[in-house]
Each structure stands twice: as structure tokens, then as C-alpha cells.
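A quick write-up on the structure given underneath.
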Amino acid sequence: MPQNKADIFTADRLLLFGATGDLAQRMLLPSLCALDADGLLHDDLRIVGTARSKKSDAEYRDFAREALEQHLPADRRGSMADFLNRLSYQPLDATTLEGFDELAERIGRSGDEDGNERGGGLAIFLSTAPSLFEPTIKGLRQSGLTDDNVRIGLEKPLGRDLASSKEINDAVASVFDESAIFRIDHYLGKETVQNLLALRFANIMFEPLWNAGHIDHVQITVAETVGLEGRGAFYDNAGALRDMVQNHMLQLLALVAMEPPGKFDATAIRDEKVKVLRALRQVEAGQTVTGQYTAGAIERQAVPGYDDELESESDTETFVALKAHVDNWRWKGVPFYMRTGKRLPERVTEIVVQFRCVPHSIFNGDSSPKAGTRLQPNRLVIGIQPEENIQLSLMAKMPGLDREGIRLRSVPLDIAMPDAFTGTHRRIAYERLLLDLIEGDQTLFVRRDEVEAQWEWVDAIRALWEAESVRPKNYTAGSWGPSAAIALAERDGVSWHE
Ligand code: BG6
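Note that my numbering has the sequence shown beginning at 559, numbered continuously upward.
The following block contains the structure:
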């Protein structure tokens, strides 16, 4: 298995399982085409799609063309014909072993007559239902597609609890070394998420303050306006805690809370993240709020309630807010408030780091503040989407002669990333991740110990809900979730940043 950079190969074959699925249409094909348009795919790279439905190569190319026209802006498509020429398609029912040999032949890795020549490097991407992971692994093994020149990317969900996640991890580990397993959390492919590392570790000014002595609390919000988007069967079986908190939100938390890694590489970064995930304190009763949306309006458009969208009654949470703690020296006593939900008023993902007040105010004293004089503690807002920006609120003197004392106001120091870096285009998170998979860089992929620490913490929350028979509270679509979520923060004198 590849252990160091010299051993890492660039794949010349990419095999996509789930090649006709929603993710392939909306993200994978557009990302690959955009990479190709920018000259980032090796000339020799061939992409083989596979899924259950019968299609010829030509039909799959037509299918891909439609997906690209729908989901990739025209100015990023480059020469679509060249990209489409890289594609071929092989139908396969992954639940049976039949067909894998033919697949191996199709991707040109079936070996010579003696069965020992395996061709170039192969990157496999599994974007199928997790129930297909194990049979797929078996089929790959049977057909010799699991040698040292193969690596595998796994799309979430990786199980629905710790036990099922371990089962999947064990099945994959029975044929692939951890260094060849690329677990995807697409939030790690987002530019501003990576920028969080640059902000923290490429600047001297934040790190000395990045601790319980100077930070009052942290907020992480991932708000969506969308509802089920036709994924009712999957979502209803998951809920917001499994769908968003277990992966994306905990990864964001880990990046905010981790110690500085020794270097920017997969081992160093993942070692630090997993320490945070393992230091998460078990959540207690009263520190979580769950909700489910009822009919309402988003951007003045009427939208149905969850049950209507699902066409059945359900107790699945579409919103969750919680208060977490990282039990270590750095974060002693600092709450991390997290909330996520569907059908909220706006699509926004942001991290708010709320600093503490200065220890003593020289400006007229805080006890009898004149209008505009009260000091506001500094706040750092890292906007991940839809806007990519970083905003630091600072106290500044208001212009004037101030005969009654200096007047102050909080003003934002604002960096809009697209303005700071004009001429670069915003990339789809999967562009970065697919390229890293093809080239073998694991830094932005989730290691087994991280996933399992995430599940362990989330399972304990679900167990708590079950023990207390927690049912989601209703919230109107287009609101910020149940009022209890506001109360969760307000009890501590904290307001959610909106
Ligand atoms: C996915 C979830 O992992 O992330 C979806 O399954 C969610 O339910 C999506 O909508 C959000 O991703 P993004 O990139 O749009 O914030």
C-alpha cells in the first residue's frame, strides 16, 4: 500500500459506481468536466460509469451531456465533447458477483492471460446506497480490482450508527489498506472550510486568543431552505442529526477546535481532528432541541410541511440545535452551539467565534454607559456559503468632538473572498475531492477513527432522545426552528447570529 509520497500514484482510470444517480448528475460529472476544462485531468484518464440501468456508451454520454447542461454553467464546460469522450459505461447489478469480471475487462484491468498484469492506477468512487458497499467490495475483490494500485472513495452515509459504520469500515478494510480508503465529507472540499485552516494557522493574531481565556462561545449554523428534494425515503430514515451533524458539522467543529498540526498533511491534520472528536463531552438532557417543519413560506413561496412532502406521518427531526463542549484545557467551559435544519429562512453556513469582553473598560465605565459607549466584544464570523467571507467586528471611535466622552461603535472588518481573489472561480467542493482521489491525497478525507468517534457521540444523543421519548417540536417553514432553540442559547445569555 502507498505509504509515502513516492508511492502515491495518479490513477488513469476512474470507476464511478452510482453513475446515473443524483450525486453523479448534480456534482460528480459537472466537477469532472470542470476539471477537464481547466486542464487538470491527465490526458490518459478514462472514466467508466456503472449502475444498474442498461445503457450503451453513447446513451451514457447523452445522459452526462444533459446533466452538464443542467448543472454546470456554460463558461465552465470547456470542450464538453472532449470530456464526454473520456466516458464509457458498463451496466452492473452490484448485488450479485456476476458482471464484475466484465467490468474489470471494460476498464482495462482484467490482467493478461496469466492474470497478473493489472494495468495503471485505478480510483473507484462508491456513490451508492451503503447496503451495496459490502457486495460491491466482494465483487471488486473477486475480479482483482483491489490490488495496490487501486484506491476507493466512499460517499456518505457511512452507516446509520456506530455499529453499522464499523461493519462497512470492516468490509472495506478487509480488502483495502486505510491509506487507500478515501471517506468523503464534501464540506472539507469547500474553499472557505479549508480557509479556516489558513486563517488559524497562517496568521499570528488569532491563535494566542483561540482558547477559553478569550473566547466566550462558538456558533456553527448550517441552514438550508430546501426540503426533501425527492430524497424522502433516505432522509426520513436519517434525520438532521445523522444527515448533517454527524459529519459536516462535527468536521467544522473539529477544524475550529483542533490544536495546530505539525504540518499540512493527512496524518497530522487528522490526528488533531480526532483528538477533538474524542474530547466531545456526552450531551446531557436539555442541551438539544429537535424540530420538524410544518407548512409555511420561504422567500414568499408557500411550501408544504414535512409530513405532506413525505406523504406520511413521521417523527424524524428536520432541525436540531445543541450545545456541545470539548473537554480539554483549551476549551474548558466554552460552549459550541450548533444548529442545522431544512426549510429555514435562508441558506447560510457560518461559524461565529464570539470573543470575550476586554477585562476593563476605560470608556466611561460599563456600569452607566452612554448611548453608543458600551463595549461590544469582538466577533469573528466565517461565512462558508452562500457568501464566502470573513468578518471581524472591532470597536471603533465614532467621529466627533465627544465633549461627553468618547463614543464607540462596533464596525466590521470585512473580507469578501471573491473580491480579495478576483479572477478565480468558485469551484464545486467535489472538484477538489475528486482530483485528490485521483491523485491520492488523503488530507481532506475522513479517517476511520474520526468517523467512528463522530458516530459514538451522535449515538449517545439518539440514545438520550429515546430514553426521554423526545419528539421533534413543530416549526413553521421559513422560521429559524422551534423557539426552544432560541431559548437553548438565551438561557446562557447568548443570541444566535442572524
Ligand atoms: C448532504 C445532506 O450531505 O449535504 C443533504 O445529505 C444536504 O441533506 C447537503 O442538503 C448540504 O450540502 P451543501 O453543500 O448544499 O451545504
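From the three backbone atoms N, C-alpha and C, an ideal C-beta is built for every residue, glycine too.
A quick note: this is a predicted structure, and the numbers were derived from the prediction, not measured.
Return the residue from the list the options that minimises the CA-CA distance to residue i.
| i | options | result |
| --- | --- | --- |
| E946 | L572, D651, I778, K748 | K748 |
| T846 | W1023, A569, K612 | W1023 |
| K696 | E736, A652, A681 | A652 |
| I682 | F575, D602, D633 | F575 |
| H1055 | R644, A616, K955, A781 | A781 |
| V1009 | A582, D659, L650, S722 | S722 |
| S646 | E624, D615, K955 | D615 |
| P1063 | Q628, D794, L603, G941 | The first residue shown for the chain is 559 and the last is 1056, placing residue 1063 beyond what the model contains. |
| A577 | T686, E871, N707, D602 | T686 |
| F764 | A1025, D999, N936, G579 | N936 |
| M953 | A738, R965, Q943, A837 | R965 |
| D885 | K833, L712, D1007, H918 | K833 |
| F921 | T898, M956, H883, F913 | M956 |
| G579 | G788, R984, F979, D596 | G788 |
| T848 | D794, P1040, E624 | P1040 |
| A662 | V708, Q943, E875, S1027 | V708 |
| H772 | C915, S1037, L868 | C915 |
| D601 | Q628, F641, A582 | F641 |
| V730 | N1032, L690, L1046, A796 | L690 |
| Q583 | H629, E660, L603 | H629 |
| G963 | R932, Y988, R985 | R932 |
Leaving out five residues before and five after residue i in sequence, what residues of the same chain have Cβ atoms less than 7 Å from its Cβ?
| i | result |
| --- | --- |
| L626 | L587, P588, C591, R635, M638 |
| N805 | K714, D743, Q1012 |
| L655 | K696, G697, Q700 |
| L993 | L593, L598 |
Within a Cβ cutoff of 8 Å, which residues of the same chain sit near residue i, ignoring the five residues on either side of it in sequence?
| i | result |
| --- | --- |
| R888 | W768, N769, A770, A815, E817 |
| A853 | A860, V861, P862, G863, D866, T1034, A1035 |
| G673 | Annotation note: pLDDT 47 at G673 (below 50); position unreliable, coordinate value reported separately. These residues qualify, in order along the chain: G702. |
| I973 | N947, I948, Q949 |
| D873 | Q850, R1029, P1030 |
Look up residue i in the DSSP assignment and give the residues it is bridged to.
| i | result |
| --- | --- |
| A609 | P649 |
| D972 | Q949 |
| M896 | I778, L880 |
| L966 | K955 |
| I710 | I682, I739 |
| R937 | Q912, S951 |
| L573 | V606, I682 |
| I773 | F913 |
| T846 | L880 |
| G854 | V861 |
| Y1033 | Y851 |
| T907 | V780, Q943 |
| L838 | V884 |
Can you give me the Cβ contacts of residue i inside the same chain, cut-off strictly under 6 Å, excluding the 5 residues immediately before and after it?
| i | result |
| --- | --- |
| L950 | L938, L971 |
| K890 | A770 |
| E1014 | L720 |
| S926 | Because the pLDDT of S926 is 47, which lies under 50, any placement of that residue in the model is unreliable, and the number read from its coordinates should be weighed accordingly. If we look at S926 and ignore the five residues flanking it on each side, it has no Cβ neighbours. |
| H883 | R839 |
| T783 | I856, R905 |
| G785 | E867, K900, R901 |
Throw me the rounded Cβ distance for the residue i and residue j pair, which I believe falls under 8 Å.
| i | j | result |
| --- | --- | --- |
| L813 | L755 | 7 Å |
| T1001 | A843 | With a Cβ gap of about 38 Å, T1001 and A843 do not count as contacting. |
| A879 | A738 | Incorrect: roughly 38 Å between the Cβ atoms, too far for contact. |
| L684 | I710 | 7 Å |
Q.
For the pair the stretch 773-786 and the stretch 909-919, tell me if three or more CB-CB distances fall below 8 Å.
A. yes
Q: Mind the definition here: the stretch 617-625 touches the stretch 1011-1021 only if three or more C-beta pairs lie below 8 Å; say whether that holds.
A: no
Q) Counting Cβ pairs, one atom from each stretch, are 3 or more of them under 8 Å apart for the stretch 602-616 and the stretch 709-729? A) no
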